[in-house]
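Below is one structure; the comments refer to it alone.
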Amino acid sequence: MTDKVFHIGGVGPFEFDADREYVTDVDPENPAGSLYEITEDAPADATKMRALRTNSQVLIESAPSQAGEVVRLEDLQGAVQAVQVADIDDPAAELAGLSGTVAGALLLAWEASVNQDLFTLYAWDTEVATGANGSYVVAGDGGFWIAISGRYTLGDVIAQGDIILNAGKKLIFNGIGGDTYFVYEDGQLRLYKGGELVSSW
Numbered sequence: 005m006t007d008k009v010f011h012i013g014g015v016g017p018f019e020f021d022a023d024r025e026y027v028t029d030v031d032p033e034n035p036a037g038s039l040y041e042i043t044e045d046a047p048a049d050a051t052k053m054r055a056l057r058t059n060s061q062v063l064i065e066s067a068p069s070q071a072g073e074v075v076r077l078e079d080l081q082g083a084v085q086a087v088q089v090a091d092i093d094d095p096a097a098e099l100a101g102l103s104g105t106v107a108g109a110l111l112l113a114w115e116a117s118v119n120q121d122l123f124t125l126y127a128w129d130t131e132v133a134t135g136a137n138g139s140y141v142v143a144g145d146g147g148f149w150i151a152i153s154g155r156y157t158l159g160d161v162i163a164q165g166d167i168i169l170n171a172g173k174k175l176i177f178n179g180i181g182g183d184t185y186f187v188y189e190d191g192q193l194r195l196y197k198g199g200e201l202v203s204s205w
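The opening position of the sequence shown corresponds to residue 5 in the working numbering, with each subsequent residue numbered one higher.
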């Protein structure tokens, strides 16, 4: 037996046993609106009792302001978004009119591709010292979308474990020119420049 209590405004406390299960008592005149009642001889529906259970919605008219308060659907809208973009390398047009509801709100930009769709995950910030910066920092409505994962990532990537480069894939250093890159092939790490093999290990 696990005793729980709840209040309705200033009324209460009301007590119930959270280890008990609900049973369903079907109203023959309204089977869709079955009532939940407690009886000793009826079969349980294997759902533990809660402070409130209803087959309707609960209307909450104010936004949460504390960590333990209920979040409404409208509070989540804008906190997590997904938008299809024509070009994952330049999503400025699609992201320009979008904003996050809070700092750190997330947006997944994706481009449809024949073999596999392309993705970049962005976080919302109202102030960015550098301003817009290509696909790494994209201007939104009243702030900026900062790339944090996927095809683009702004800032350093710090890994405690291994970073694995699959065979045949390139590790390109744009700072020394896009034509200079490493490739792991045939058990060797090879350095290419301008398409020509420079060195291998």
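Even for Gly, the Cβ is constructed at its ideal location relative to N, Cα and C. Given the structure is predicted, the values throughout are model-derived calculations rather than measurements.
| Asked | Found |
| --- | --- |
| Beta-carbon spacing of Leu110, Val84 below 8 Å | yes |
| Run of the alpha helix (DSSP H) containing Asp79, from where it starts to where it stops | Leu77 to Leu80 |
| Local conformation of Leu158 per DSSP, three classes | coil |
| Closest by C-alpha distance to Thr134, when choosing among Tyr126, Phe148 and Trp205 | Phe148 |
| Range covered by the alpha helix (DSSP H) that runs through Ala97 | Ala96 to Leu99 |
| Beta-carbon gap between Gly154 and Ser103 smaller than 8 Å | no |
| In DSSP terms, what Ile12 is bridged to | Val15 |
| Other residues of its chain near Gly198: CB distance less than 6 Å, five sequence neighbours each side excluded | Asp183 |
| C-beta contact flag for Thr124 and Ala113 at 8 Å | yes |
| Spatial distance of Ala136 from Ala97 (CA atoms) | 13 Å |
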